[in-house]
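Position 38, counted from 1, in the sequence shown is what numbering that gives the first Met the number 0 calls 37; the numbers after and before it change by one each time, with no gaps.
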Amino acid sequence: MKITITGSLGHISKPLTMELVQKGHAVTVISRKPEKQKDIEALGAKAAIGTMEDPDFLAATFRGADVVYLMEAMGAGSFFDQNFDIMAAHTKIASNYAQAIRQSGVKRVVHLSSIGAHTDKGNGILAFHYNVENILKQLPNDVAIKFMRPVGFYYNMLAFIQTIKAQGAIVQNYGGDEKEPWVSPLDIAAAIAGEIEKPFNGREVHYIASDEASPNEVAKILGEAIGKPDLKWSVIPDGQSLNGMIAAGFNPQVAEGLVEMNASRRGGVLYEDYYHNKPVLGKIKLKDFAKEFAAAFNQ
Ligand SMILES: NC(=O)c1ccc[n+]([C@@H]2O[C@H](COP(=O)([O-])OP(=O)(O)OC[C@H]3O[C@@H](n4cnc5c(N)ncnc54)[C@H](OP(=O)(O)O)[C@@H]3O)[C@@H](O)[C@H]2O)c1
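See below:
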């Protein structure tokens with residue numbers, strides 16, 4: 000099949016490209032950077048250099064594809080840009096994708112969405128995923144779409160390193176002994192590669208997760224990996240978390256969205272729809288990620 004991949008050689012798109020090429024598909028990978036062309040070609044794929052902000056480029060690149068994989072990427076540092084409007088930025092990219100799909104005539108889409116995309120209420124920053132899914136759902140009915148909803152990525156835990164080093168603890172506005180799901184980009188790539196090859200049928204939602212662990216279990220596993228077996232996960236009030244993020248330079252809309260998102264983890268509100276549609280867990284476990292975490296911690 001001819002498959003076009005957005006997300007360059009990112010955490011998901013690189014292993015996805017490798018698997019699809021290995022399975023014999025003709026893969027085109029979109030990157031903003033001309034210097035990535037040789038790395039993309041080294042994987043056996045074709046490079047298309049352009050951006051998600053350019054609907055004409057997207058339409059030209061999607062034309063003739065049997066399947067396109069869509070994800071929305073924000074530039075590094077956008078969470079600290081005081082003028083950044085996360086909802087508007089995602090609406091723009093989603094609208095560009097919808098326009099490009101109409102213009103190119105592509106009929107099969109796999110979209111990287113997220114946990115929390117089932118609602119725009121009480122899930123904080125994740126409401127933009129609900130909005131993006133709704134923009135894509137307005138495409139004509141003969142465009143089949145698989146909405147892939149991974150849970151929180153393990154790599155988000157790398158943000159814990161700062162408070163572990165500064166305060167000797169993981170510090171968040173949620174915590175405790177209730178298990179929650181986590182996922183590896185490698186398991187996401189494998190799930191997407193699998194869905195690309197399976198039949199498409201209207202609009203479908205697929206959750207993706209690798210492992211389930213409570214915050215206190217996360218602290219124990221990461222703590223052991225970095226030689227601090229007594230590492231604790233400490234819970235602070237929402238307001239204190241918000242003030243800390245704003246003091247650290249976060250865009251206020253993003254900071255409020257992240258605090259509300261984390262608050263919705265308490266009592267499992269965020270995970271309601273996930274638990275009704277629970278996937279088979281992937282291969283990469285928290286203990287595997289803990290080795291990567293320890294390497295980053297010791298760097
Ligand atoms: N973190 C979580 O817990 C979580 C949970 C659920 C869903 N998600 C979703 O997962 C996504 C991240 O996936 P990932 O880790 O695979 O991505 P990633 O590694 O951050 O890679 C995205 C790549 O896209 C390219 N890119 C960035 N801006 C672009 C633009 N404007 N136009 C064209 N290409 C652009 C960049 O490569 P070049 O520099 O080569 O262009 C970048 O390396 C998030 O955006 C979010 O929507 C995240």
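Every residue, glycine too, gets a C-beta built ideally from N, C-alpha and C.
Keeping to the same chain, check which residues put their C-beta closer than 6 Å to that of P180; ignore five residues upstream and five downstream. Position 181 of the sequence shown, counted from the first residue, corresponds to residue 180. Closer than 6 Å at the Cβ level, and outside the excluded window around P180, lie V150, A208, E211.
With DSSP as the reference, label P180 as helix, strand or coil. For the purposes of this step, residue 180 is taken as residue 181 along the sequence shown, with counting starting at 1. Strand at P180.
Hey, R202 and K136 are a contact pair by Cβ (cut 8 Å); roughly how many whole angstroms apart? Within the sequence shown, residue 202 is the residue found at index 203, counting from 1. Within the sequence shown, residue 136 is the residue found at index 137, counting from 1. That belief holds up - the Cβ atoms of R202 and K136 are roughly 6 Å apart, short of 8 Å.
Distance check for A41 and G267, CA to CA, integer angstroms please. By 1-based counting over the sequence shown, the position of residue 267 is 268. By 1-based counting over the sequence shown, the position of residue 41 is 42. Each residue's alpha carbon lies about 43 Å from the other.
Would you check if the distance between the CB atom of F292 and the CB atom of Y153 is smaller than 9 Å? Numbered from its first residue, the sequence shown carries residue 292 at position 293. Numbered from its first residue, the sequence shown carries residue 153 at position 154. Against a cut-off of 9 Å, the Cβ pair of Y153 and F292 comes out as a contact.
Applying the 10 Å Cβ sphere with the 16-neighbour rule, what's the burial state of E196? Translated into the one-based positions of the sequence shown, residue 196 becomes position 197. It is exposed - the Cβ of E196 has fewer than 16 other Cβ atoms within 10 Å.
Can you find a C-beta in chain B that's less than 9 Å from the C-beta of A126? In the structure shown, chain B cannot be found, because there is only a single protein chain.
Name, in chain order, the residues that DSSP records as bridge partners for A46. Within the sequence shown, residue 46 is the residue found at index 47, counting from 1. Answer is V28, bridged to A46.
Helix, strand or coil for Y173 per DSSP? Against the sequence shown, residue 173 aligns to sequence position 174. DSSP places Y173 in coil when its eight states are reduced to three.
Looking at the unbroken alpha helix (DSSP H) that takes in L275, where does it start and where does it end? The residue labelled residue 275 in the question sits at position 276 within the sequence shown. Per the sequence presented here, residue 275 reads as His, with Leu not at that position. Counting along the chain, the alpha helix (DSSP H) containing H275 begins and ends at 271 to 275.
If L8 sits next to D53, beta carbons under 8 Å apart, how far is it from one beta carbon to the other, in whole angstroms? For the purposes of this step, residue 8 is identified with residue 9 of the sequence shown, where counting begins at 1. For the purposes of this step, residue 53 is identified with residue 54 of the sequence shown, where counting begins at 1. That belief does not hold up - the Cβ atoms of L8 and D53 are roughly 19 Å apart, past 8 Å.
CB I29 to CB G43, shorter than 9 Å? Mapped onto the sequence shown, residue 29 falls at position 30. Mapped onto the sequence shown, residue 43 falls at position 44. Contact: no.
Compare the beta carbon distance of D65 and K22 with 9 Å and say whether it is the shorter of the two. Numbered from 1 along the sequence shown, position 66 holds the residue referred to as residue 65. Numbered from 1 along the sequence shown, position 23 holds the residue referred to as residue 22. For D65 and K22, no; Cβs fall outside 9 Å.
Based on the DSSP output, what are the partners of E203 in its beta bridges? Within the sequence shown, numbered from 1, the residue matching residue 203 stands at position 204. Note: E203 sits in a beta bridge opposite K145.
Would you check if there are 3 or more beta carbon pairs closer than 8 Å linking the stretch 90 to 102 to the stretch 62 to 76? yes
Going along the chain, which residues of its own chain have a beta-carbon closer than 6 Å to the beta-carbon of P14, five neighbours each way excluded? Residue 14 sits at position 15 when you count from the first residue of the sequence shown. Around P14: L185, A188.
Expressed to the nearest angstrom, what Euclidean distance is found between the alpha-carbon atoms of S77 and T90? What you label residue 77 is simply residue 78 of the sequence shown in a count that begins at 1. What you label residue 90 is simply residue 91 of the sequence shown in a count that begins at 1. Cα to Cα, the separation comes out at about 15 Å.
Going by beta carbon distance, what residues of the same chain come within less than 8 Å of A25, once the five residues before and after it are set aside? Indexing the sequence shown from 1 puts residue 25 at position 26. Closer than 8 Å at the Cβ level, and outside the excluded window around A25, lie M0, K1, I2, K45.
May I have a chain-ordered list of the beta strand (DSSP E) segments no shorter than 3 residues that lie completely inside the stretch 232 to 290? none
Whole angstroms are fine: how far does the CA of F56 sit from the CA of S263? As a first step, residue 263 is located in the sequence shown; it is residue number 264 there, counting from the start. As a first step, residue 56 is located in the sequence shown; it is residue number 57 there, counting from the start. C-alpha separation (whole angstroms): 38 Å.
Any idea what DSSP makes of I114, helix, strand or coil? Position 115 of the sequence shown holds residue 114. It is coil, neither helix nor strand.
Taking 8 Å as the cut-off, does the CB of A126 come closer than this to any heavy atom belonging to ligand 1? Taking the sequence shown and counting its residues from 1, one reaches residue 126 at position 127. Answer for A126: no, Cβ out of range of ligand 1.
Three-way DSSP call (helix, strand, coil) for F127 in this model: For the purposes of this step, residue 127 is taken as residue 128 along the sequence shown, with counting starting at 1. F127: helix per DSSP, three-state reduction.
Buried versus exposed, by CB contacts within 10 Å (16 or more), K145: Here residue 145 is taken as the residue at index 146 of the sequence shown, counted from 1. Under this definition K145 is a buried residue.
Considering only the beta carbon of each residue, do V279 and E194 sit closer than 9 Å? Your numbering for residue 279 matches position 280 in the sequence shown. Your numbering for residue 194 matches position 195 in the sequence shown. The answer is no: Cβ separation not under 9 Å.
What did DSSP end up calling A168 once you bin it into helix, strand or coil? The sequence position of residue 168 within the sequence shown is 169, counting from 1. Reduced to three states, the DSSP call for A168 is strand.
If you measure from the CB of R264, is any heavy atom of ligand 1 nearer than 8 Å? Here residue 264 refers to the residue found at position 265 of the sequence shown. R264 Cβ: outside cutoff for every heavy atom of ligand 1.
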